[in-house]
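I have placed the structure first, in the form of structure tokens, so that the comments after it can refer back to it.
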Amino acid sequence: MATAADLRAIFPGSTRSTVPQKAQASGSTSRRPEGVLRELYSLIGDSVPTLAAQFNKRPPLKQKPHLGVGQRSVSWEWQPFTNEGRADGLRLSHWTKTSAEPAKEYPYAKYNVQSTVYSYTEDEYTRFLDDPGWTKEETDYLFALVKDYSTRWYVVHDRYEFLGGPTRVLDDLKDRYFTVCKKLIRTRPWEGDEASKASLLATMSFDKDRELHRKNYIAGLETRTQDQLFEEEALYTEIRRLEQTERRFRKDRDALLRMISGIESGLPEVVEDDSPFGSGLSAGLSMEPPKKKKKGNMDIDSPVTPNATIALPPAPAPLPFVKRPSHASPQDIANCIVRTEPTLGTPYKATHQGAHLRSYKLPQPKGANGPRVIQAFQELGVSSSRMVMYTRENLAHFEGIYDSVNVLLDIKKAVDKVEQDIRVAKTRLGMAESSELAGPSSVAGDGDLGMDVDEDAEGEADEDGRAQSVMSARSTRSRKQSRRSSISSVDTNTARGTTKRQKKS
Amino acid sequence: MVMYGGDEVSALVIDIGSSSVRAGYAGDDTPKAVIPSSFGFRRAAKEQEDVLMQGQENGDSASSNGSGQEPRKSAYREVFAGQSGPALWRSKMEVGNPLVDGLIADFEPIPHLIRHAVTSVLQCDPTEHPVLLTEPSWNTPANRERMAEIMFEEFQVPAFYIANTGVLNAFAAGKGSALVIDLGESTASVTPVVDGFVLRKGLAHSALPKLIHNHAKHMLTQKFGVELWPHQLIGSKSPVDPNTKPIYKLRDDRIPAVTQSWREWAENREVDEWVQSVAGTLDQGWNDQAAAARPPKQYEFPTGYNSFFGYERLTIGEQFFHHSPSLIAANPNLPQTIPALIMESLRACDPELRQVLVGNIVLTGGTSLFSGLADRLSNELARHFPHVKIHAPGNPIERRYGGWLGGSILASLGTFHQLWVSREEWQEHGKAIIGQRCK
């Protein structure tokens, strides 16, 4: 019988043979390895598990730390050095590693850099740099200081004490210095190209008036009184609140639209939380505890989530009503059996469904609305858990009812909330009006925002037309809802107006 | 070495303050030698007998610290510096302090103090080490030149530099620009530092700690009737109940040989110890209820007199922040409070800089360890500046020796070694080089 070794022997290229290795391996394992019991070894024979062999071997130790035993210790010596950054030959000493090579340049000498400071000649000064506000002596003094303090302007200004000169602010000094430098650059021959000259000039640009204006502004910011600060803070808070309210309305509206008309609303299904403060639904600001915010999130999402999970695939849902398989056998029809054909291309889930009771298909009310849905079913006299005949049509109907109830509940919740908002706003309005009767009503002036929202909502409600045919009750509800929301937006405007008036008082 | 920017040349850093002289090697985190600035001395018999005294001095080398020969024309016959200088009672010993308002007013004892710190405590040879000294921001050019003269001529140092405590405190806090609030033993100062330079126009300082001290002393002696005998003069005492008359016996053998200046120094020490252990300040301004709610603290004086100090101990700290109108009416030129100093300093600075400075406040100095002061200051400042940020090291060593620490950092930097004023330069340019180099 030909073995692999024989085969290999045929090909001269393969010099490596497994046979000696095998022999060697068997030879080594025939001896009972240490750590394996005799009884065990007699049971398992030659085929000693590699694990035992591994255990038998000394495990690889961690790298032993080299404590520099073998190495030569690094020797340091106290060596004098000179600093090339210094003009004199001061010899200080420091510890360095002993090395044969001669001392290099002192590594810190290169940090003794001097900034380039411009200088001018007498002739240049008289020709170009004369300024009625400055004498030559004072300009010299300024340039000396700038050189001394390497253009640290605050320090230059601090040390600037020119006897007999007028008191100058920091910007005067900067202005003079940069003007002189710019003139020098312009008048002197320039070796480089024009671009570098222009860029150098650009670094010297200094607008004194603008700087003074800016500093005045900073000083003004600092001298704000406490009342002004409070007002500023209040206004800022107000703006943020308004922004949030607007965002909240947009979101509510979209959510409602999506809930009512599903995919036909043309809105993206995914609710992007675009507000930086989380959901804007919680009427307050971001200072509110995050727990409440979360609750607000739930509120806003709940009308959407059922849509997404149950009513999202609206396309396959009406299919059974429209397209009945024509070739269904009469027996199937009699027993209400619907056979779905494996459609090509649509990757439906491939898991095989075993034999099951049709009652398993009955949707169970789930989620936050679950108990309330059951309650609503009870009120309607419909059993939420049993059905006389579990056919596909019946289940679809049931699902429809279930969805409607769910949506209804959500809308009711939204309506309740909006009504509550209205009540609160009205009481606030009433309080504000009673507090100052003479104040002019800013409601009318601020109404435009509310009008916008209203129009939008109307337009969208019209667009919904197609969806209305299915559930007209919903759309009327939605129109009402959108109108309500617009009302409440006006209300918040009035609330803003009132707070404004309160602040004025 | 190059990576961290450090290059130690075993420079010495010497920081002379009102309460203590700190000396140590650059690169250390704590000064190795901390000796009191106050020194004991015996007065030369008469000014006219100077020539005669000279001979006596050579034989009378009883100076406990081995401070070597005295300067030629000296008002001091013997100088006792160091921890066992003024604190050790000696017959007819007087106590002096060379500093007035943070500035060196009397240069004669300075070499004694430095020699004691460097030679006796650090036990090193000043001729081998470059020396970095510190100066307060309001130091005069004459003073720093005199200081350089002492270091170069008397101590023969190879190189010298004098740096500003405000800048050094900012460096110790790791900042190039900062508003340094330095509350020392005798002076409270606010120094704006920008890019490692002091803005002299924004400098504000006052003798506020002195006022606090005097207020405390007045309160103890007048209101509580405390006798501030130091323990050196107490022979025996027996325990008594709080607020009762102390039972003690003075050391009659010492009393006649006690000088007025030593007695004053010892009394001030007692007052300082009381202030440090008992006095405090409230977090949020004066409030009778809050003051009453704070527990009283017990303190026992060397005589054995002990008492519980309630809200009185909190009135002491109030002086840092607020002067009562009656006090202002009584003395027209009171030292400014800390908030007033800060305001004055900031007002003199460029509006653009104020935000930077307020965001980088460094609180330092021994008096800043006053109980509750840092919290109170941050509360006071937060009321005026919304973005205030105070750097107050929690480590008391860093707080007390911030100036020294900054010097230690500076003098161990590789890039600093180009700034030393070398002996050669000193001999070549004379005093002028100090003003040119140490800006």
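Chain order of the listed sequences is A and B.
Using this note's numbering, read the first sequence as starting at 1 and increasing by one per residue.
Using this note's numbering, read the second sequence as starting at 1001 and increasing by one per residue.
The C-beta atom is built at its ideal place from N, Cα and C for all residues, glycine as well.
Chain-ordered neighbours of residue i on chain B, where CB pairs are closer than 8 angstroms
{"i": "A/Leu235", "result": "Residues of chain B passing the Cβ test: none, with the nearest at roughly 17 angstroms."}
{"i": "A/Ala219", "result": "Pro1351"}
Pairwise C-alpha distance: residue j and residue i
{"i": "B/Thr1415", "j": "A/Asn112", "result": "8 angstroms"}
{"i": "A/Thr309", "j": "A/Gln420", "result": "Below a pLDDT of 50, predicted positions are generally treated as unreliable, and A/Thr309, at 35, falls in that range; the measurement from the model is reported next regardless. One C-alpha to the other measures close to 29 angstroms."}
{"i": "B/Met1093", "j": "B/Ala1081", "result": "12 angstroms"}
{"i": "B/Thr1140", "j": "B/Ala1392", "result": "29 angstroms"}
{"i": "B/His1213", "j": "B/Arg1313", "result": "12 angstroms"}
{"i": "B/Leu1199", "j": "B/Leu1353", "result": "11 angstroms"}
{"i": "A/Trp95", "j": "A/Val74", "result": "12 angstroms"}
{"i": "B/Gly1066", "j": "B/Ser1120", "result": "Reliability of the predicted coordinates at B/Gly1066 is poor, the pLDDT of 42 falling under 50, and the value obtained from them is presented with this limitation in mind. Their backbone Cα atoms lie some 8 angstroms apart in a straight line."}
{"i": "B/Gly1235", "j": "B/Trp1229", "result": "11 angstroms"}
{"i": "B/Phe1328", "j": "B/Lys1223", "result": "It is Ile, not Phe, that sits at residue 1328 of chain B in the sequence shown. In a straight line, the C-alpha of B/Ile1328 is about 20 angstroms away from that of B/Lys1223."}
{"i": "B/Arg1423", "j": "B/Ser1010", "result": "17 angstroms"}
{"i": "B/Arg1437", "j": "A/Gln244", "result": "60 angstroms"}
{"i": "B/Gly1310", "j": "B/Ala1340", "result": "28 angstroms"}
{"i": "B/Tyr1004", "j": "A/Ser93", "result": "18 angstroms"}
{"i": "B/Gln1123", "j": "B/Arg1347", "result": "47 angstroms"}
{"i": "A/Leu142", "j": "A/Leu200", "result": "21 angstroms"}
Buried or exposed (CB count within 10 angstroms, at least 16 for buried), residue i
{"i": "A/Val388", "result": "exposed"}
{"i": "A/Arg72", "result": "exposed"}
{"i": "B/Arg1399", "result": "buried"}
{"i": "A/Ser486", "result": "Confidence at A/Ser486 is low in this model, with a pLDDT of 40, below 50, so its placement is unreliable and the value that follows should be read with caution. So A/Ser486 counts as buried."}
{"i": "A/Arg224", "result": "exposed"}
{"i": "B/His1417", "result": "buried"}
{"i": "A/Asn369", "result": "buried"}
{"i": "A/Trp76", "result": "exposed"}
{"i": "B/Thr1127", "result": "exposed"}
{"i": "A/Glu137", "result": "exposed"}
{"i": "B/Asp1283", "result": "exposed"}
{"i": "A/Cys181", "result": "buried"}
{"i": "B/Glu1135", "result": "buried"}
Partners in chain A for residue i, counting only beta-carbon separations shorter than 9 angstroms
{"i": "B/Gly1225", "result": "Ordered by position in chain A, no residue passes the 9 angstroms Cβ test against B/Gly1225, which lies about 45 angstroms from the chain."}
{"i": "B/Ala1159", "result": "Leu90, Leu92"}
{"i": "B/Glu1380", "result": "Going along chain A, no residue has its Cβ under 9 angstroms from B/Glu1380, so there is no contact; the nearest lies around 15 angstroms."}
{"i": "B/Val1194", "result": "Arg152, Tyr154, Val155, Asp158"}
{"i": "B/Lys1439", "result": "Asp148, Tyr149, Val155, Arg159"}
{"i": "B/Met1353", "result": "Before going further, note that residue 1353 of chain B is Leu rather than Met in the sequence given. Neighbours of B/Leu1353 on chain A, chain order: Tyr154."}
{"i": "B/Glu1424", "result": "Asp88, Gly89, Leu90"}
{"i": "B/Pro1130", "result": "Leu90, Leu92"}
Near the ligand NAD: residue i beta-carbon under 7 angstroms from a heavy atom
{"i": "B/Arg1254", "result": "The ligand NAD is not among the ligands present in this structure, which contains no ligands whatsoever."}
Chain-ordered chain A contacts of residue i [CB-CB under 8 angstroms]
{"i": "B/Val1009", "result": "Leu92, Ser93, His94"}
{"i": "B/Asp1350", "result": "Tyr154, His157, Leu170, Lys215"}
Proximal residues of chain A, C-beta to C-beta of residue i below 7 angstroms
{"i": "B/His1417", "result": "Asn83, Leu92, Tyr108"}
{"i": "B/Trp1420", "result": "Leu90"}
Start and end residues, alpha helix (DSSP H) containing residue i
{"i": "B/Glu1078", "result": "Element bounds for B/Glu1078: not the alpha helix (DSSP H) but the beta strand (DSSP E), 1076 to 1080."}
{"i": "A/Val418", "result": "392 to 435"}
{"i": "A/Phe143", "result": "136 to 148"}
Partner residues on chain B for residue i, Cβ-Cβ distance less than 7 angstroms
{"i": "A/Asp158", "result": "Leu1199, Arg1200, Lys1201"}
{"i": "A/Tyr111", "result": "Thr1415"}
{"i": "A/Glu231", "result": "Residues of chain B passing the Cβ test: none, with the nearest at roughly 15 angstroms."}
Residue i (DSSP reduced to helix, strand or coil)
{"i": "B/Arg1144", "result": "helix"}
{"i": "B/Pro1339", "result": "helix"}
{"i": "B/Phe1416", "result": "helix"}
{"i": "A/His94", "result": "strand"}
{"i": "B/Gln1232", "result": "helix"}
{"i": "B/Gln1260", "result": "helix"}
{"i": "B/Gln1095", "result": "Residue identity differs from the one stated: residue 1095 of chain B is Val in this sequence, not Gln. Three-state result, B/Val1095: strand."}
{"i": "A/Pro65", "result": "coil"}
{"i": "A/Thr179", "result": "helix"}
{"i": "B/Arg1022", "result": "strand"}
{"i": "A/Glu506", "result": "A question about residue 506 of chain A goes unanswered here, because the residues of chain A that appear run from 1 up to 505."}
Opening and closing residue of the beta strand (DSSP E) in which residue i lies
{"i": "B/Ser1189", "result": "1188 to 1194"}
{"i": "B/Gly1366", "result": "Run containing B/Gly1366: none; DSSP gives neither H nor E here."}
{"i": "B/Ala1178", "result": "1178 to 1183"}
| said: Please list, in chain order, the residues of the segment 190 to 209 of chain A that have any C-beta partner in chain D closer than 9 angstroms. | reply: In the structure shown, chain D cannot be found, because the protein chains are A and B.
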